[in-house]
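Numbering-wise, numbering that gives the first Met the number 0 puts 46 at position 47 of the sequence shown, and it's gapless, one number per residue. Every residue gets a Cβ at the ideal spot worked out from N, C-alpha and C, and that includes glycine. Just so it is clear, the structure is predicted and the values come from calculations on it, not from any experiment.
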Amino acid sequence: MSNQIQTKGIETNSKNWSITYNAKFTLSFCIIAFVTVILNLVFGGLINQSFALNPNIQIREIYRLLTYVFCHGNFDHLLGNFFYLLMLGPILEEKYGAKLLTIMTVITAIVTGLLNALLFNNGIIGASGIVFMFIILSSIVNMRSKEIPLTFIFIVVIYLGKEVYNSFSADDISQFAHIFGGLCGGALGFLFNTNKS
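So, in structure tokens, the structure goes:
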């Protein structure tokens with residue numbers, strides 16, 4: 000009889016387990032990006048043509064300053080960004096909340112897009128700037144007033160330093176989007192952490 004009670008208890012407890020939508024902004028962002036890549040493949044690149052950020056952006060195409068972050072060249076490009084977004088996003092949402100992290104992401108996307116359009120002749124796609132914003136932001140997540148975490152310094156030197164170095168090589172990767180995203184992450188992190196202190 001005791002075995003039956005124990006078995007029933009296990010069955011009852013197993014029903015308590017559930018999958019939670021634990022990081023609303025991060026998961027929603029990733030789902031939209033995933034669907035965008037699939038649609039782009041299905042429609043032969045039409046989605047990226049319609050929503051990527053071009054250097055000669057027109058006023059009527061202002062939406063591209065936000066939509067380009069959901070466009071990716073292929074699944075490898077997307078999955079590379081997913082790794083950091085899904086790893087760091089929940090931590091940042093717990094610290095700042097989904098609403099504030101959404102605002103930070105929108106600011107970073109627009110600033111990075113505008114600077115790229117003003118300074119360079121190449122278009123950009125992908126969430127790499129957002130990823131670098133997440134990386135820098137996560138390094139100062141526990142920052143106190145008038146203190147600069149050593150981890151922040153290391154991250155800036157390693158990640159942004161590497162991107163500055165790589166920017167002198169000729170490839171299809173927009174290192175400056177990474178740099179702009181990282182700078183936005185640092186600025187927004189210090190701004191909002193200082194306001195909370």
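If you draw a straight line from the Cα of residue 106 to the Cα of residue 113, it is about 11 Å long. Residues 46, 69 and 70 of the same chain have their beta carbon placed closer than 7 Å to that of residue 35, with the five preceding and five following residues left out of the count. Going by C-alpha positions, residue 97 is about 13 Å away from residue 87. Taking the CA atoms as reference points, residue 61 sits about 11 Å from residue 51. By the neighbour-count criterion, in which 16 or more other beta carbons inside 10 Å mark a residue as buried, residue 164 falls on the exposed side. An exposed status is given to residue 59, since fewer than 16 other beta-carbon atoms sit within 10 Å of its beta-carbon. Counting along the chain, residue 70 sits inside no alpha helix (DSSP H), nor does DSSP assign it H or E at all. Residue pairing of residue 123 in beta bridges, as defined by DSSP: 52.
Residue 79 has its alpha-carbon roughly 23 Å from the corresponding atom of residue 49. Nearest to residue 130 by alpha-carbon distance, out of 192, 157 and 178, is 178.
Boundaries for residue 17: no alpha helix (DSSP H) harbours it, and the DSSP string shows neither H nor E there. When secondary structure is reduced to three states using DSSP, residue 148 falls in the coil class, being assigned neither helix nor strand. In the structure shown, the three-state DSSP call for residue 83 is helix.
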